[in-house]
Amino acid sequence: MNHYLDLFPPSFVAIMTPFFLLPLLLLLALPLPLARSHDYHDALAKSILFFEGQRSGKLPADQRAEWRGDSALSDGSEVGVDLTGGYYDAGDNVKFGFPMAFTTTMLSWSVIEFGDYMPADERRNAAAAIRWATDYLLKTVSHPGVVFVQVGNPISDHNCWERPEDMDTARTVYYVSADRPGSEVAGETAAALAAASMVFRQTDPAYSRKLLKKAMRVFEFADTHKGAYSDDPGLKAGVCPFYCDFDGYQDELLWGAAWLRRASRNDSFLDYIQNNGKTLGADDNINEFGWDNKHAGLNVLISKEFMEGQVLSLESYKEFADSFMCTLVPESSSSHIQFTPGGLIYKPGGSNMQHVTSISFLLLAYAKYLSKSSQTVNCGSIQVAPSSLQLQAKKQIDYMLGDNPMNMSYMVGYGDRYPQRVHHRGSSLPSISSHPRFIACKDGTDYYRSPNPNLNPHVGAVVGGPADDDLYEDDRADFRKSEPTTYINAPLVGALAFFVANPNAGLVLR
Ligand SMILES: *[C@@H]1O[C@H](CO)[C@@H](O)[C@H](O)[C@H]1NC(C)=O
Ligand SMILES: *[C@@H]1O[C@H](CO)[C@@H](O)[C@H](O)[C@H]1NC(C)=O
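Mind the numbering: the sequence shown is residues -37 to -1, 1 to 473 in mature numbering (1 follows the signal peptide of the UniProt record, and there is no 0), read in order.
Below you can see the structure in the form of structure tokens.
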């Protein structure tokens, strides 16, 4: 991903939603969403199909995104290891392990919570998307004492506008070890393998057991050799500024332990959370959730343990999860996170849709846990019902699908109007099947600069989305707005599955 975060001056000014207007708006708006529902099934199918366009390695016979071909078939050869497969993170051709693992965790969480709402074929497609990642992640942890965390020199890769099938830049292999630890990427890999083990428990028990066993091992490695991978100069040169560990590795250790606890039901991971929560920053109450920062997701995930398992020592996680939810719902009088005038969750820094989809997923997962244990969100003097969380998630997803000031969908191939000039090398250049001749590094520039639509619509890709003024220019060069990423789509898969089965969720009168 081409995000140079330092180009945008961060704005920490939270815009207050006019919450006092809400009852009126709700009454006026109520019949509209009911009358004009989105085709969530179509959007779900496309959100999963997107992952096929991001595949690296030898493509299978049932590949549906036919504009793609085999690529990076000698990844790992530099160190004598097979590291083919996995996903490119975004519109480039690098395999970044940290966001890939997070993507895998979120795809798995999507299926774990909302897979039962998916039509059977989409449940299978989602499992295939997860397996494409876990088959690769298993390769990265198959050599004792190291975890391979990245393939591809990002500087030379980003210097080219080249199809993955033609890629001829350095496929540098980066790894963490006891000497140069990377507890964030190893901890996230443990989380991903543990969460995925739950997805395959019924359909492939042997694979599921293997995933869980490896998850435990890589977690032990992450915990034994504590450190951040961006502290090592060699690794830093490869992972920064793209996927630096900006906020520390501590959250990924708790997150990995929480997923191992959930997947294994083994009390030792519960003990780990209880004994290490304080030193690992569980009380920081940070309202962030994404590939780098796990806090809000951790609070939601561990709240389940508190609410359903009545583990009283974990009560603070529900308090923090509650306080995050209170920043998202209009009823609450606590200060709110920023929204665009059109109502979209907005965080500065580019690729805003990653926040929209991950927070929407958390709203829905938390609503599910609350409902199951007949609880509400405690926002000071106000108790907020789970349906309010669902309503906010629905507003976010519906905005993304077309209910917005631009009247456009931000998912390629969904609806009548959607982004045409997506910042994605493979999508914008001619397909390898229609143009087999090699297109060298700089020879892609004309396609990059072309005002024409991308030649291969990357169906299901969700772009970074509009800025804080709700405007979107559909400009390929503006990667903050026009680049898709795997971690935008991964939590979206779960949110869309929920709305397939509950298209009017949140719209009940309480
Ligand atoms: C629980 O996990 C710990 C730490 O990985 C392990 O030593 C122990 O054998 C596990 N217990 C069971 C019952 O699997
Ligand atoms: C979006 O649709 C509304 C209602 O049809 C219209 O008033 C508005 O001008 C449209 N906006 C754009 C950017 O097309």
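Yeah, the Cβ is synthetic: ideal placement off N, Cα and C, and Gly gets one too.
| query | result |
| --- | --- |
| Assign T334 to one of three DSSP states: helix, strand, or coil. | Just to set this straight, residue 334 is Ser in the shown sequence, not Thr. Correct three-state label for S334: helix. |
| If you draw a straight line from the alpha carbon of S83 to that of D194, how long is it in whole angstroms? | The sequence given here has Ala at residue 83, not Ser. The alpha-carbon atoms of A83 and D194 are separated by roughly 45 Å. |
| What do you reckon, is the C-beta of M270 under 7 Å from a heavy atom of ligand 1? | no |
| If you draw a straight line from the C-alpha of R172 to the C-alpha of F182, how long is it? | 15 Å |
| Under the assumption that E76 contacts K331 (Cβ atoms under 8 Å), give the Cβ distance between them as a whole number of angstroms. | 6 Å |
| Please report the Cβ distance between A141 and H106, rounded to the nearest whole angstrom; I am assuming they are in contact, meaning their Cβ atoms lie under 8 Å. | At roughly 13 Å, the Cβ-Cβ gap does not stay under 8 Å, so A141 and H106 are not in contact. |
| Taking 8 Å as the cut-off, decide whether the C-beta atoms of F65 and Q113 are in contact. | no |
| Return yes when at least one heavy atom of ligand 1 lies under 7 Å from the C-beta of M179, else no. | yes |
| Can you name, in chain order, every residue of its own chain whose Cβ lies under 6 Å from the Cβ of S391, other than the five neighbours on each side? | Y410 and N417 |
| In terms of residue numbering, what span does the alpha helix (DSSP H) encompassing S391 cover? | R388 to S391 |
| Does the Cβ of N238 have 16 or more other Cβ atoms within 10 Å, making it buried, or fewer, making it exposed? | exposed |
| My output table needs one value for Q213: the three-state DSSP class, helix, strand or coil. | helix |
| Please classify R27 as buried or exposed, where buried requires at least 16 neighbouring CB atoms within 10 angstroms. | exposed |
| Between M369 and ligand 2, is the CB less than 7 Å from at least one heavy atom? | yes |
| Check whether the Cβ atoms of V274 and E268 lie closer than 8 Å to each other. | yes |
| At a cut-off of 7 Å, is N238 close to ligand 1 when judged by its beta-carbon and the heavy atoms of the ligand? | no |
| Could you tell me whether any non-hydrogen atom of ligand 1 is closer than 7 Å to the CB of S231? | yes |
| Going by DSSP, what residues sit across from G20 in a beta bridge? | S34 |
| Using only the alpha-carbon positions, how far apart do L92 and A460 sit? | Before going further, note that residue 92 is Ala rather than Leu in the sequence given. If you take the alpha carbons of A92 and A460, they lie about 15 Å apart. |
| With respect to the beta strand (DSSP E) encompassing Q346, which residues constitute its N-terminal and C-terminal limits? | I345 to V347 |
| Give me, in chain order, the residues of the same chain whose beta-carbon lies closer than 8 Å to that of W95; leave out the 5 immediate sequence neighbours on both sides. | F14, R18, G48, G49 and Y50 |
| Report buried or exposed for R87, applying the criterion of at least 16 other Cβ atoms within 10 angstroms of its Cβ. | exposed |
| If you drop the 5 nearest sequence neighbours on each side, which residues of the same chain put their C-beta closer than 6 Å to that of P127? | S34, N56 and G389 |
| Does the beta-carbon distance from S266 to A245 come in below 8 Å? | no |
| Can you tell me which of S413, L100, R180 and D361 puts its alpha carbon nearest to the alpha carbon of N467? | D361 |
| To the nearest angstrom, report how far apart V42 and D131 are at their CA atoms. | 17 Å |
| Could you tell me if V24 is buried or exposed, where buried requires 16 or more neighbouring beta carbons within 10 angstroms of its beta carbon? | Looking at the sequence shown, residue 24 is not Val but Ala. It counts as exposed. |
| Which term fits P429, buried or exposed, when burial requires 16 or more other beta carbons within 10 angstroms of its beta carbon? | buried |
| Please identify the residue among L455, S71 and V263 whose C-alpha is closest to the C-alpha of residue 474. | In the structure as shown, the chain starts at -37 and stops at 473, and residue 474 therefore has no counterpart that could be examined. |
| Count the other CB atoms within 10 Å of the CB of L432; is the residue buried (16 or more) or exposed (fewer)? | One point to set straight first is that residue 432 is Asp, not Leu, in the sequence displayed. Classification for D432: exposed. |
| Which complete alpha helix (DSSP H) runs does the region 131 to 211 hold, if anything under 4 residues is left out? | 146 to 162, 168 to 187 and 196 to 202 |
| Would you kindly work out how many angstroms separate the C-alpha atoms of P(-28) and Y170, rounded to a whole number? | With a pLDDT of only 27 at P(-28), under the threshold of 50, the placement of this residue in the model should not be trusted; the figure read from the coordinates follows. Approximately 44 Å between the Cα atoms of the pair. |
| So D52 packs on T448, CB below 8 Å; how close in whole Å? | 6 Å |
| Taking the DSSP output, what are the residues bridged to C342? | I345 |
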